[in-house]
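K.L.:
Residue numbering for the sequence shown is 17 to 180, as defined by the numbering used here. Handing you a structure now.
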Amino acid sequence: MRYTLINTQLGQIGLVGSGAGLRRIVLPQPGREAVVQVIAEDFPGAIADPTTFGDLPQRLKRYLEGEQVSFDDELELAGTSPFKRAVWEETRAIPYGETQSYGWIARQIGKPKAQRAVGQALAKNPLPIVIPCHRVIGKDGSLTGFEGGLEMKKYLLEIEASSR
17 MRYTLINTQL GQIGLVGSGA GLRRIVLPQP GREAVVQVIA EDFPGAIADP
67 TTFGDLPQRL KRYLEGEQVS FDDELELAGT SPFKRAVWEE TRAIPYGETQ
117 SYGWIARQIG KPKAQRAVGQ ALAKNPLPIV IPCHRVIGKD GSLTGFEGGL
167 EMKKYLLEIE ASSR
């Protein structure tokens with residue numbers, strides 16, 4: 017595994033992946049050490065290498081600055097259950113600046129009663145922003161759980177709304 021760190025206005029972000037694709041995004045942390053610690057815990061022996069990710073670091077920075085960019089990068093989701101993969105793929109298809117509910121995703125993947133399971137799958141999303149789980153909200157329009165916290169979820173939705 018290889019990783020790189022990205023300095024953004026929100027803090028340090030970590031990317032982890034291999035030649036097979038992107039494996040993990042560590043959402044903004046206040047310092048480099050915090051990101052490196054998360055990466056070391058999840059991927060012991062990962063090697064720092066910014067060349068593995070092409071222009072993804074620049075696209076992530078531009079995205080967080082409010083620019084609409086696409087994240088069609090190759091993902092490495094080995095060992096993921098078919099259900100999680102379906103949820104993540106459907107979530108990845110939600111257009112920039114739009115939101116959908118957990119129930120909508122459940123219906124799209126043919127499991128209309130699986131809203132809670134959809135929420136659990138999104139809570140395990142290893143690639144926030146690229147798999148835009150921040151675009152999934154409660155059926156009443158409320159903001160619900162997000163790894164980076166509700167303030168970050170709100171921020172991401174606001175930057176997408178303002179740049180449409």
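Even for Gly, the Cβ is constructed at its ideal location relative to N, Cα and C.
In this structure, what does DSSP give as the bridge partners for Asn23?
P.N.:
Along the sequence shown, one-based indexing puts residue 23 at 7. Gln28.
K.L.:
Could you please give the first and the last residue of the uninterrupted beta strand (DSSP E) stretch that includes Leu143?
P.N.:
Working through the sequence shown from its first residue, we reach residue 143 at position 127. That residue, Leu143, is in no beta strand (DSSP E); it is neither H nor E in DSSP.
K.L.:
Given 7 Å as the limit, tell me if Ala137 has its C-beta closer than that to any heavy atom belonging to the ligand FMN.
P.N.:
As far as ligands go, the structure on display features none, and thus does not contain the ligand FMN.
K.L.:
Quick one: what's Gly33 bridged to in DSSP?
P.N.:
As a first step, residue 33 must be located in the sequence shown, where it is residue number 17. Per DSSP, Arg18, Leu38.
K.L.:
Would you identify the three-state DSSP class for Pro98, choosing helix, strand or coil?
P.N.:
Start at 1 with the first residue of the sequence shown, and residue 98 comes out as number 82. Helix.
K.L.:
Going by other Cβ atoms of all chains shown within 10 Å of its Cβ, with 16 needed for buried, is Gln28 buried or exposed?
P.N.:
Indexing the sequence shown from 1 puts residue 28 at position 12. It counts as buried.
K.L.:
Start and end of the alpha helix (DSSP H) containing Lys169?
P.N.:
By one-based count along the sequence shown, residue 169 stands at place 153. Element bounds for Lys169: 166-178.
K.L.:
Tell me which residue opens and which closes the alpha helix (DSSP H) that Asp58 is part of.
P.N.:
Taking the sequence shown and counting its residues from 1, the one referred to as residue 58 is at position 42. 48-58 is the extent of the alpha helix (DSSP H) around Asp58.
K.L.:
With the cut-off set at 8 Å, would you say Leu13 and Thr115 are in Cβ contact?
P.N.:
The structure shown has nothing for residue 13, since the chain only spans 17 to 180.
K.L.:
Helix, strand or coil for Ala133 per DSSP?
P.N.:
The count along the sequence shown starts at 1 and reaches residue 133 at position 117. Note: Ala133 maps to helix in three-state DSSP.
K.L.:
Could you give the distance in angstroms between the alpha-carbon of Ile63 and the alpha-carbon of Tyr19?
P.N.:
Within the sequence shown, residue 63 is the residue found at index 47, counting from 1. Within the sequence shown, residue 19 is the residue found at index 3, counting from 1. Looking at the two C-alpha atoms, the distance is approximately 6 Å.
K.L.:
Which stretch, first to last residue, makes up the alpha helix (DSSP H) that contains Leu72?
P.N.:
Taking the sequence shown and counting its residues from 1, the one referred to as residue 72 is at position 56. Where Leu72 is concerned, the enclosing alpha helix (DSSP H) stretches over 72-80.
K.L.:
Could you check if Arg132 is buried or exposed, using at least 16 other CB atoms within 10 Å of its CB as the buried criterion?
P.N.:
To locate residue 132, count along the sequence shown from 1; it is residue 116. Arg132 is exposed by the Cβ-count criterion.
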